[in-house]
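Peer 1: This is the structure, below, for whatever I ask next.
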Amino acid sequence: MPGQPKLKLKCPICKKPVAKSAEDFPFCSERCRLIDLGKWASGQYVVASPAQDAEDGEVRNHPGTDDEE
Numbered sequence: 002m003p004g005q006p007k008l009k010l011k012c013p014i015c016k017k018p019v020a021k022s023a024e025d026f027p028f029c030s031e032r033c034r035l036i037d038l039g040k041w042a043s044g045q046y047v048v049a050s051p052a053q054d055a056e057d058g059e060v061r062n063h064p065g066t067d068d069e070e
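Positions 2 to 70 (this note's numbering) are the ones given, in order, by the sequence shown.
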């Protein structure tokens, strides 16, 4: 869009500029892509799971919290 500043995309690993058309987007290179994959595989990155609702509508406690009954 005219008048809008252009968004500058950066590699999440090394912070170098990356073009949307890059083969390894959103990474700048295969090296950075593999570093990221290794972090997922080793457990350095995790995705939190959403709270589970009990049948009565109450939110269940997650293991390791101080809210245990």
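Think of the CB as a built atom: it goes at the ideal place given N, C-alpha and C, for glycine as much as any other residue.
1. Using a Cβ-Cβ cut-off of 8 Å (strictly less than) and excluding sequence neighbours within five positions of Lys11, which residues of its own chain qualify?
2. Kindly indicate which residue of Cys29, Leu8, Pro6, Pro13 has the alpha-carbon position closest to the one of Tyr46.
3. Spell out the partners DSSP gives Asp11 in its beta bridges.
4. Determine the burial state of Phe28: buried for a count of at least 16 other Cβ atoms within 10 Å of its Cβ, exposed for fewer.
Peer 2: Once the coordinates are examined:
1. Lys17, Pro18, Val19
2. Pro13
3. The amino acid occupying residue 11 in the given sequence is Lys; Asp does not appear at that position. BP columns for Lys11 point to Pro18.
4. buried
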